[in-house]
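Notes for the one structure printed next.
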Amino acid sequence: MKKVKVVVLNPFAWILIICTGLEFWKDNNPLVLDYMQSHSLNVPMLVFDGQYYRLVTSLFLHKDPGHLIGNMVSLAILSWLVWKLVSKKQYLVILLVSGVIGNLLADIFVTYLFHLKENIWPIFASDGYLTGIVGFSTAIAGLFIFTLITFFAVYWRHLKAVKGRLIVMVIFVVLTIGDVILGFQDSTGLTMTAYVHTGGGLVGGLFGIWYVKKERRQRLDRA
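Going by my numbering, the final residue of the sequence shown carries number 1392, and the count climbs one at a time with no gaps.
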């Protein structure tokens, strides 16, 4: 009974269930797939036409099972790293706000680029303005930057005590940097994926700075 309660109250478990369920549903029903692709992607042009719900719905959809698995593995690792630092409520707020606001920031930037047309540097691209994007990685980018900031801010005095988590953190950072480098090599310019990740990361970074300042203030109050 206790294990069931732990799963029911675990935000990660619900995110995993929702994302996996939607992936299975759309992959096994062409009508559902068509509906989701038509009504749920984060398409900047449609978002600013009044369909703001897409900022949320697009987070829980994925291109294919491989995309879903990659995101959920990353989310599981980061959740394990950050779990002792934040409450379940804070964890969920960081994820959802990073995801939604990160999508919004990317949409604003891509829309701006689209209307500039030829007056932009070649490295920038606005292709996502009409086609859109899906995936929970916007929220994961926010949690990643938040974890990166708070982990070392909290544990820097006693890293030996969290050696296992530190090793996982370093490996995760190295793999993420490698993935970014490969992404640049395979692309002729920045894409919608880069923009949503940057947007989510910025929001997660703000949460991280707020968290560190709060922790320092509490330590000073206790001193």
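All C-beta atoms in this analysis are idealised placements derived from N, C-alpha and C, irrespective of residue type, glycine included.
Nearest to residue i (by Cα), restricted to the options the options
i, options, result
"V1160", "R1386, D1390, L1389, G1377", "Outside the displayed range of the chain (1170 to 1392) lies residue 1160, so it cannot be described from this structure."
"I1270", "D1196, S1227, F1321, P1234", "S1227"
"F1293", "S1306, F1278, G1304", "F1278"
"L1344", "F1193, I1246, I1263", "I1246"
"L1273", "L1202, G1370, L1351, R1326", "G1370"
"P1180", "F1353, Q1259, W1194, F1193", "Q1259"
"H1231", "M1205, W1252, L1200, Q1220", "M1205"
"W1379", "V1365, Y1324, I1314", "I1314"
"G1239", "F1353, L1264, F1305, Y1221", "F1305"
"D1196", "G1219, V1365, A1182, G1235", "G1235"
"L1282", "I1309, F1193, Y1364, R1385", "Y1364"
Which of helix, strand or coil DSSP assigns to residue i
i, result
"I1184", "helix"
"I1292", "coil"
8 Å contact criterion, which residue i and residue j should meet: CB distance rounded
i, j, result
"N1211", "V1303", "7 Å"
"G1311", "G1373", "3 Å"
"L1250", "T1316", "5 Å"
"R1223", "S1207", "Wrong, their Cβ atoms sit about 11 Å apart, outside the cutoff."
"F1217", "T1280", "6 Å"
"T1360", "D1296", "7 Å"
"K1257", "L1178", "7 Å"
Beta-carbon proximity of residue i to residue j, cut-off 9 Å
i, j, result
"T1319", "S1267", "no"
"A1162", "T1367", "Residue 1162 lies beyond the range of the chain shown here (1170 to 1392); nothing can be said about it."
"A1330", "V1381", "no"
"Y1324", "P1213", "no"
"L1237", "I1184", "no"
"L1191", "F1229", "yes"
"G1358", "P1291", "yes"
Inset, instruction - Return the chain-ordered ranges of every alpha helix (DSSP H) run that is complete within the stretch 1227-1284 and spans a minimum of 4 residues. - result: 1234-1251
Legend entry - Uninterrupted alpha helix (DSSP H) stretches inside the stretch 1298-1337 (no shorter than 4 residues): 1306-1324
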